[in-house]
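Below you'll find the structure, written out as C-alpha cells, and then a few comments.
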Amino acid sequence: MSVRALIVVLATTTLAGCASAVLTEGGQLSSYNGLETSNGVLTRAKVRVDKDAVLAARTVALAPTKVTADAAASGLTPQELRLVGNAIDRALCRDLGRRFVVVDSGQPADLTLAVAITHVDKTDTTAAGASVVTGIGSRVASAMTGAPVPSMRLPIGLGSLAGEAEAKTQAGTQVAALVWARGADVFTTKARVASEGDAHQLASEFAGDLAKLLVTGRDPISDHTPALPTTERVGEYFGAEAKYAACRRFGKDPGLGDTIGSAIGLPPAWTDKGPAEP
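For the sequence shown, full-length UniProt numbering begins at 1 and goes up steadily by one.
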C-alpha cells in the first residue's frame, strides 16, 4: 500500500470514529470578513491573520474565555463550563508565552485577545464508562498474555467543542481571527467519565491552534510544524508556577496527575483544580 493510500485509510477510519464538529459563528467577533476555510482531518476552522501585524506585536492581554448562550444551553453546569473555559485560558496563556509577554486584561498591550466557547456537545458518561472498562480489560489481557491487545474508545456518545477568538490592536483593528470546532475521536481523545470530559480535553487543542496562529502568524490547521516543549512548559507540567503572573490566575497546570487521571477515565474536576483562589 502506498503512503498516500495509507493516509487516506487512516483519515477515513478516524473520521468514522469521531463526533461531528459544529462550526458556527457565535457573534462574538467584531468582523467575520476575510475568514478562509481551513479544515484538517479532525478540526474544522475558518482563519484570518495579518501576519506582519501579528509578528510585530510583543505583548498580549488575555481576558477570561466567555460562554455564549448556545454553549450555556449544552447541558453542562456553570461549574463544568467554567472548568473548560479555564482550561482554554491556562493552555492559551502558557503557549502564548513562547513569544509574547502576557499581561492581565485591561492592561496596555500590543494585542488584546478575546475568546468565546460557542458550542459544546456533552460526553455520554455511560458510553465513556464502558470505554474505560474496555480499555482496562485490554491492558490486563495484554499484561497477562504478553501480547499487545488493541483497544480504542467506543464510537458513541462522543463530545465536541467549538469556539472563536480574535486579536485586536490598541487601535481596535482586528489582526487575527479564528472560528474553530472539533469533535472527540476514538483514537486520540481519552474517555473520561464526566459530561465535560471531551470538551475539557479539546480545550487544549483549541488553545494550541489559537496560540500557534498568533505566535507564528500562520494558519495553524495547515501548518504542521511541530512545536517542541519549552523549559517552562516542562516545569509547569511537573507543578511549577506559570511563567507570567497574568497566567497564574488560571491555576496550575494539572500536568502529570491529569495525564494519569485521563488514562484511567477520571473526571477532569478530580485532577484539574481550575482557577487559582482569589
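Here a beta-carbon is modelled for each residue, glycine too, at the ideal position from N, C-alpha and C. Only a predicted model underlies this, so the values are computations on that prediction, with no experimental measurement involved.
To the nearest angstrom, how far is it from the Cα of residue i to the Cα of residue j?
i	j	result
I264	L83	19 Å
T271	K252	11 Å
D132	A191	Correcting the residue identity first, residue 132 is Val in this sequence and not Asp. Rounded to whole angstroms, V132 to A191 spans 6 Å at the Cα level.
A199	T134	22 Å
G129	A269	16 Å
V8	T24	Residue placement at V8 cannot be trusted, given a pLDDT of 41 that sits under 50; what the coordinates show is reported in the next sentence. Approximately 27 Å, taken between the alpha carbons.
Q107	A53	19 Å
residue 358	D104	Missing from the structure shown is residue 358; the chain here goes from 1 to 278 and no further.
A116	V47	15 Å
T118	V186	23 Å
R233	A246	16 Å
L96	V193	30 Å
T68	V22	14 Å
A176	T230	24 Å
Y244	G235	13 Å
Between which two residues does the beta strand (DSSP E) holding residue i run?
i	result
A61	T59 to L62
A116	L111 to D121
A181	Q174 to G183
T169	S160 to T169
V101	V101 to D104
Could you pull out every residue in the same chain whose Cβ sits closer than 8 Å to the Cβ of residue i, ignoring the five residues on either side in sequence?
i	result
D209	T43, A45, L178, W180, P220 and I221
I156	D124 and A127
D223	K212 and T216
Tell me which residues share the same chain as residue i and place their Cβ nearer than 6 Å to its Cβ, disregarding the 5 neighbours each side in the sequence.
i	result
L202	L161 and R182
V215	R98 and R99
T112	A61 and K168
G257	T271
Q170	none
Against chain C, with Cβ distances strictly below 8 Å, would residue i count as a contact?
i	result
T123	No chain C appears in the structure shown, which is made up of a single protein chain.
Need the endpoints of the alpha helix (DSSP H) that residue i sits in, please.
i	result
Q79	P78 to L96
Q201	G197 to T216
G261	G255 to A263
K51	K51 to A56
G235	T231 to Y237
D70	A69 to A72
R248	A245 to R248
Kindly list the residues whose CB is nearer than 7 Å to the CB of residue i, restricted to its own chain and excluding five residues on each side of it in sequence; keep chain order.
i	result
K122	S74, G75, L76, G159 and S195
E80	S195 and E196
R249	P275 and A276
P64	G85 and D89
E205	R182
F238	G255 and L256
G261	W270 and T271
A19	D121, L158, G159, S160, G183 and A184
Round the Cβ separation of residue i and residue j to the nearest angstrom and send it over; I've been treating them as touching at under 8 Å.
i	j	result
L92	A211	6 Å
Q174	S30	6 Å
A165	A109	That pair is no contact at about 15 Å.
At a cut of 8 Å, does the region 49-64 reach the region 93-106 through at least three beta carbon pairs? yes
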